[in-house]
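Encoded as structure tokens, the structure appears first; notes follow it.
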Amino acid sequence: MKRIPIGLSDFKHLIEEDFYYFDKTAFIEEVIKDGAAVKLFARPRRFGKTLNMSMLKYFFDIKNREENKKIFKDLYIEKTEAFKEQGQYPVIFLSLKDLKASTWEQMEEKISVTLSDLFSEYEYLLNELVETNFDKFKKIINEKANLSNLERALKFLTKILYEKYNKKIVILIDEYDSPLVSAYINGYYEKAKDFFKTFYSTVLKDNTYLQMGVLTGIIRVIKAGIFSDLNNLRTYTILSDDYTDIYGLTEEEVEKSLKDYGIEAEISNVKDWYDGYRFGDSEVYNPWSILNFLQD
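The following block contains the structure:
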């Protein structure tokens, strides 16, 4: 019997270690068919947002594409026309979940560290850069870049990756709203808003190097127009009629998991206890709750 992946959000690890998996790879097909250049998915906590982003990363990333191809074996996406997109793009995957601080000065430091960690993943590009780009890249890695350069760091990285691979870039930003919520709670929202408005708009709007952008968060931040410059953004919330069963589990998925673990008789109890969500026109269950139920 397969192990239950409680707390696991790395798609490759989950598949390679043969944990129980609810196949959500239809999400990849839907994202590819979706005409919006930039998509924002707002969902509550514990609904698999980071796992789905990790899945997108391993699917699209041009690095290790042959190795990554294996982890989609026998999953839904492998049998679709969309599978030809596997391993076709450089991917930038940035999580902002830890960008929380009580002051703007602390937030600046954390932004610098976060971007340093991100750029360090692409340190192999340094030897191919001209001097000006080399210096800018090195400053970000060494946490010496000024705020203006940090605001435009993602746009800069897409340019460098495009020049390396001659392929447009897929941008994945997980928990985009975490630093903004922290700023609002701690009283420095205006400074954070000014930074992140530029940070997002420079890379996600009118960026000739961008193939697609996907953002996730708990809420859509609309105060003072954080996305006012992004007229290419499509937002999908729990009220939207699209992507309704991509986050969370359908009743059919829950029933199948109970059967797989020999406890299908518990379905009425599970429905009473956990069937409390509706996304668009779909009833869904919280994956965290169901996984813990299967475990315990």
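Under numbering that gives the first Met the number 0, the first residue of the sequence shown is numbered 0, with each subsequent residue one higher. Note that the Cβ used here is the ideal one computed from N, Cα and C, for glycine as well.
Anticipated Cβ contact below 8 Å, L209 with A36, distance rounded: 7 Å
Can you tell me where the alpha helix (DSSP H) holding A191 begins and where it ends? 188–203
Nearest to I184 by CA position, among P4, K99, E65, R233, is which residue? K99
Secondary structure of W287, DSSP reduced to three states: helix
What did DSSP end up calling A223 once you bin it into helix, strand or coil? Any reading at A223 must be qualified, since the residue scores a pLDDT of 49, below 50, and its modelled position is unreliable; the value itself is stated next. It is coil, neither helix nor strand.
Cα-Cα, which of F136, K190, K1, I172 is closest to E16? K1
Counted within 10 angstroms of its Cβ, other Cβ atoms place I110 as buried (16 or more) or exposed: buried
Which same chain residues, not among the five before or five after K96, have their C-beta less than 7 Å away from its C-beta? D173, E174, S177
Looking only at DSSP bridge pairs, what is M211 linked to? V169
For S281, name the three-state secondary structure that DSSP assigns. strand
Please classify V37: does DSSP put it in a helix, a strand, or coil? strand
Coil, strand or helix - R233 by DSSP: strand
L74 - DSSP class collapsed to helix/strand/coil: coil
Looking at M211: is its Cβ nearer than 9 Å to the Cβ of I237? no
Indicate whether G47 and G247 have their beta-carbon atoms separated by less than 9 Å. yes
Measure how close the beta-carbons of A191 and W103 come, nearest whole angstrom, since I'm counting them as under 8 Å. 7 Å
Just to confirm, are I303 and F26 a CB contact at a threshold of 9 Å? With the chain represented from 0 up to 295, any question about residue 303 goes unanswered, as that position is not in the structure.
Only counting the same chain, and skipping five residues up and downstream in sequence, which positions put a Cβ closer than 8 Å to that of L124? F136, I159, L160, K163
Can you tell me which of E29, K11, G34, R42 puts its alpha carbon nearest to the alpha carbon of Y380? Outside the modelled stretch of the chain, which goes from 0 to 295, sits residue 380, for which no answer is possible.
DSSP three-state assignment for Y242, whether helix, strand or coil: coil
Express the C-alpha separation of R64 and Y276 in angstroms, rounding to a whole number. 36 Å
So, are the CB atoms of L232 and L203 less than 9 Å apart? yes
Cross-strand partners of L248 (DSSP beta bridge): Y284
Classify P4 as buried or exposed, calling it buried when 16 or more other Cβ atoms lie within 10 Å of its own Cβ. buried
Cβ distance (whole Å) where S115 is taken to contact E84 below 8 Å: The Cβ separation is near 31 Å, so there is no contact.
Just to check, is the beta-carbon of K68 closer than 8 Å to a non-hydrogen atom of the ligand PLP? Within the structure as shown, the ligand PLP is missing, as the structure has no ligands at all.
Rounded to the nearest angstrom, what separates F195 and L50 at their Cα positions? 24 Å
Comparing alpha-carbon positions, which option in V213, V112, M54 lies nearest L149? V112
Considering just the uninterrupted stretch of the alpha helix (DSSP H) at S101, what are its terminal residues? Looking at the DSSP string, S101 is not in any alpha helix (DSSP H), and its letter there is neither H nor E.
Alpha carbon of Y57 to alpha carbon of V213, nearest angstrom: 14 Å
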